[in-house]
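Here's the structure we're looking at; comments come further down.
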Amino acid sequence: MNQTQLLEKIQALPPDKQAEVFDFVDFLASRSASNSQHDEWIDAEFSEMAMSQALRGMEDEPPLYTQADLKERWR
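Our numbering puts the first residue of the sequence shown at 467, with every later residue one more than the last.
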């Protein structure tokens, strides 16, 4: 069923049934919006969380290399 057929069927309904259809569509839209806000990570959020988990505890570790270990410095 395409959008035109759907609109024709809705328009053929009595006004009280059309109101029920609109209410149901609003319900589905609000439920879909609330689910997507909680279930999906945006790339930036996931990247930030992954990096923080990967680096967790590293600030307490001593550095492996010092300036004296460098053979060439970035200009």
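All C-beta atoms, glycine included, are put in the ideal place defined by N, C-alpha and C.
Give me the Cα-Cα distance between residue 527 and residue 541, rounded to the nearest whole angstrom. 27 Å
Reduced DSSP category for residue 508 - H, G, I as helix; E, B as strand; rest coil: coil
Report yes if the CB atom of residue 491 is closer than 8 Å to the CB atom of residue 479, and no otherwise. no
How is residue 479 classed by DSSP in three states: helix, strand or coil? coil
In this structure, does DSSP put residue 541 in helix, strand or coil? coil
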